[in-house]
Each structure stands twice: as C-alpha cells, then as structure tokens.
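Below is one structure, written out as structure tokens; comments come after it.
In the working numbering, the protein residues as written are 229 to 414.
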C-alpha cells in the first residue's frame, strides 16, 4: 500500500503535523470507550445470558455504564474524523462518495443502537430484571455496533486505496455518476 503523498494535498488551515497529532490523539481517546462498547456489549450480553452470579453482576455493571461510554466514544470519535477530513480531503471524500449510502447509513444505524443500549440498561434497573424485549434490544444494539464498525473500516480502507476507486466506480455508476453503493470487499 502506497502512503498518501501529503505534498499533493491542498493548502491546509493548520500545519500538517498539528492535524496529524490531534487526529491520532483524538483517535486514541475514541478507542478506549470504543473497545468497551464494541466487545463489551456482546460480552456483557453473553455473561447475562449464560454466566453465573459474578458474571451477571459484571454484565449489569458494564451495561449500566454503557450509555455513557457510548456517548463519550461517539463524541471522541468526531475529533479524529474531522481532522481526517481536513488533512486527507482528496482521499476521504471520493472514497466516501463511492460508498455514500452506506456512509449515510451509519447515522441511521447508530440511533437504534444507542437507543437499544439505553433500553437494555433501563431493563437492568427493574426489580424483576430485564424482560425479553430488553435483552433483544441489547443484542440488536450489539449487532448494529458491529455493522457500524464494518462500515467505518470499509470507508477508511477505501480512503487508503485510491487505486481501487476506478474499478469500484465503473461497477457502481450510472451515466458517469457514482451510485454510492460500492463497498471495499477485496
């Protein structure tokens, strides 16, 4: 994989090192809660379903904090995404235009995932424990978070592979206009 040549990028509103430092710092801050919700939601649901008393207690503690972790992770994720858009606009925008419908779907998937985490967390506070629909909302939220992670990985790997754009564009275009349905699956 050839790295993107920063000298061919347009003039930036700040020095390139500044953009890179805050992109990496923001991503590190984003990764901490992201790892907790990405794997933690599924682990907590499995522990609540199959675990013994200590596992269920850990599951309840983790999932009661998950709405806050999700909010922190999303907010910390905005920082590196904005710096990525500024620093690598010539690579980021064409890549996300090729997969535009999937990229826009991230927001539509994030809303029910966020809501599902809240519903499951609220079910944990009930005296009789979470009902089946509370548990189902937790599983749906975990699945949606995995799909969102796949779409982000797909978009960012496509950003790093400008050589793949012409082939994807030719397969996903109508009258020369990108349909926004390309995914970087190779």
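Ideal Cβ placement from N, Cα and C applies to all residues, glycine included.
Could you give the DSSP three-state label for residue i: helix, strand or coil?
| i | result |
| --- | --- |
| residue 356 | coil |
| residue 293 | helix |
| residue 401 | strand |
| residue 279 | coil |
| residue 389 | coil |
Looking at the unbroken alpha helix (DSSP H) that takes in residue i, where does it start and where does it end?
| i | result |
| --- | --- |
| residue 240 | Where residue 240 is concerned, there is no enclosing alpha helix (DSSP H), given that its DSSP letter is neither H nor E. |
| residue 410 | Note, residue 410: premise wrong, no alpha helix (DSSP H); not H, not E. |
| residue 321 | 317-326 |
Round the Cβ separation of residue i and residue j to the nearest angstrom and send it over; I've been treating them as touching at under 8 Å.
| i | j | result |
| --- | --- | --- |
| residue 348 | residue 358 | 6 Å |
| residue 269 | residue 345 | 7 Å |
| residue 410 | residue 327 | 5 Å |
| residue 297 | residue 264 | 5 Å |
Roughly how many whole angstroms lie between the Cα atoms of residue i and residue j?
| i | j | result |
| --- | --- | --- |
| residue 257 | residue 309 | 12 Å |
| residue 272 | residue 288 | 7 Å |
| residue 325 | residue 285 | 44 Å |
| residue 248 | residue 319 | 15 Å |
| residue 293 | residue 321 | 35 Å |
| residue 250 | residue 323 | 22 Å |
| residue 374 | residue 340 | 13 Å |
| residue 377 | residue 281 | 31 Å |
| residue 412 | residue 406 | 14 Å |
| residue 336 | residue 342 | 10 Å |
| residue 314 | residue 274 | 40 Å |
| residue 276 | residue 259 | 25 Å |
| residue 380 | residue 317 | 16 Å |
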